[in-house]
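Participant: Numbering-wise, the UniProt record's numbering puts 191 at position 191 of the sequence shown, and it's gapless, one number per residue.
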Amino acid sequence: MKVLVVDDNTIVRMGLRRVLEQVRDVEEVEEAADGVEAIEVARSFDPDIVLLDVRMPRMGGLEALPSLAGNASVIMMTSDDGAETIASAMKAGAKGYLIHGHLGVGEVAAAIAACSGGGTVLGPGVAEKLTLQVAAVEAEPRPNPLAGRLTEREAEVLGAAARGMSNKDIAEEQFLSARTVKNYINSAYVKLGVHSRAEAILLWREAEGS
Numbered sequence: 001m002k003v004l005v006v007d008d009n010t011i012v013r014m015g016l017r018r019v020l021e022q023v024r025d026v027e028e029v030e031e032a033a034d035g036v037e038a039i040e041v042a043r044s045f046d047p048d049i050v051l052l053d054v055r056m057p058r059m060g061g062l063e064a065l066p067s068l069a070g071n072a073s074v075i076m077m078t079s080d081d082g083a084e085t086i087a088s089a090m091k092a093g094a095k096g097y098l099i100h101g102h103l104g105v106g107e108v109a110a111a112i113a114a115c116s117g118g119g120t121v122l123g124p125g126v127a128e129k130l131t132l133q134v135a136a137v138e139a140e141p142r143p144n145p146l147a148g149r150l151t152e153r154e155a156e157v158l159g160a161a162a163r164g165m166s167n168k169d170i171a172e173e174q175f176l177s178a179r180t181v182k183n184y185i186n187s188a189y190v191k192l193g194v195h196s197r198a199e200a201i202l203l204w205r206e207a208e209g210s
């Protein structure tokens, strides 16, 4: 098995090389100092596994990942434990994500074995952060599809009405006069092709559920 180590820190590369020399299935190891060099080396070396850092000069790991993941199993091996970075890496094709400081020969060997066999490996704490990141994204409110047909203020007012608020309540919440609120709602009627508050609210709620 051939492994390409990609990290801008020479000491980190040397340390990983020493670890890899103790992994039974690893036969050859090459190094690269950034994403640009990694892509160049990968063309001739044709690695089975790439151990890839995230933050590097010229080209970082996330930028190089799509090119490297086409022909090799890429394991992110970095000190960056940010949830967004982890999610971006896995979405871009990484097969694993390990954090420096939790890596010994056993952990690296197990990660390589899992990824070369088609599996995925996540280091301690990584799976939890990834789960929380996915949950946070899913929890973000989606814009109502009808909002694009209205002005921002019309959408805000109609959305509040759809939540059951009266014109008076909407006016107080949005620092408007009750007459202005009514004008915004009437304007929304025309743009949405409805003729009553009930129709507008029903249409808005149906769109939110789509």
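Glycine included, each C-beta is placed from N, C-alpha and C at the ideal position.
Return the CA-CA distance between L98 and L51, expressed in angstroms with no decimal places.
Facilitator: Near 9 Å, if we compare the C-alpha coordinates of L51 and L98.
Participant: Measuring alpha carbon to alpha carbon, tell me which of P143, A72 and G93 ends up nearest I112.
Facilitator: I112 has its Cα closest to that of A72, out of P143, A72 and G93.
Participant: Cutting at 6 Å between CB atoms, please list the residues of its own chain near A69, excluding the five before and the five after it.
Facilitator: G93.
Participant: Out of R163, I49 and S79, which has the shortest C-alpha to C-alpha gap to A200?
Facilitator: The option with the nearest alpha carbon to A200 is R163.
Participant: On the premise that A32 lies in contact with residue 226, defined as a C-beta separation below 8 Å, what is that separation, rounded to the nearest angstrom?
Facilitator: There is simply no residue 226 to check, as the chain begins at 1 and stops at 210 in what is shown.
Participant: For K2, write down the residues that DSSP places opposite it in a beta bridge.
Facilitator: For K2, which the question treats as bridged, DSSP gives the partners E28.
Participant: Between the C-alpha atoms of P66 and R17, what's the straight-line distance to the nearest angstrom?
Facilitator: Answer to the nearest angstrom: the Cα atoms are 24 Å apart.
Participant: In whole angstroms, what separates the C-alpha of G104 from that of A89?
Facilitator: Their backbone Cα atoms lie some 22 Å apart in a straight line.
Participant: Along the chain, where does the alpha helix (DSSP H) that runs through V105 open and close?
Facilitator: Per DSSP, V105 belongs to the alpha helix (DSSP H) from V105 to S116.
Participant: Does the distance from the CB of R55 to the CB of D8 come in under 9 Å?
Facilitator: Taking 9 Å as the Cβ cut-off, R55 and D8 qualify as a contacting pair.
Participant: Tell me which same chain residues have a C-beta within less than 7 Å of the C-beta of V194, skipping the five on either side of it?
Facilitator: Closer than 7 Å at the Cβ level, and outside the excluded window around V194, lie A200 and L203.
Participant: Check whether the Cβ atoms of Y184 and L158 sit closer than 9 Å, and answer yes or no.
Facilitator: In contact: Y184 and L158 (Cβ atoms closer than 9 Å).
Participant: With a threshold of 8 Å on Cβ separation, who are the neighbours of A198 within its own chain once the five nearest residues in sequence on each side are excluded?
Facilitator: Once the five neighbours on either side are set aside, A198 has no close Cβ partner at all.
Participant: Alpha carbons only, please: which of V41, E28, S166 and I75 is nearest the one belonging to A178?
Facilitator: Per the Cα distances, S166.
Participant: For M90, which of helix, strand or coil comes out of DSSP?
Facilitator: DSSP places M90 in helix when its eight states are reduced to three.
Participant: Out of A87, G61 and C115, which one is the CA nearest neighbour of D25?
Facilitator: For D25, the nearest C-alpha among the options comes from C115.
Participant: If you check the beta carbons only, do V121 and G101 fall under 9 Å apart?
Facilitator: Contact flag unset, no.
Participant: For the candidate residues E152, K2 and Q22, whose alpha-carbon lies nearest to that of A109?
Facilitator: Among E152, K2 and Q22, the Cα nearest to that of A109 is on Q22.
Participant: Quick check: the Cα distance between G118 and A87, rounded to an integer number of angstroms?
Facilitator: About 19 Å.
Participant: What's the gap between the Cα of residue 219 and the Cα of G209?
Facilitator: Any answer about residue 219 is impossible in this case: the structure gives the chain only from 1 up to 210.
Participant: Taking the continuous beta strand (DSSP E) assigned at V41, which residues delimit it?
Facilitator: It is not in any beta strand (DSSP E) - V41 instead sits in the alpha helix (DSSP H) that spans G35 to F45.
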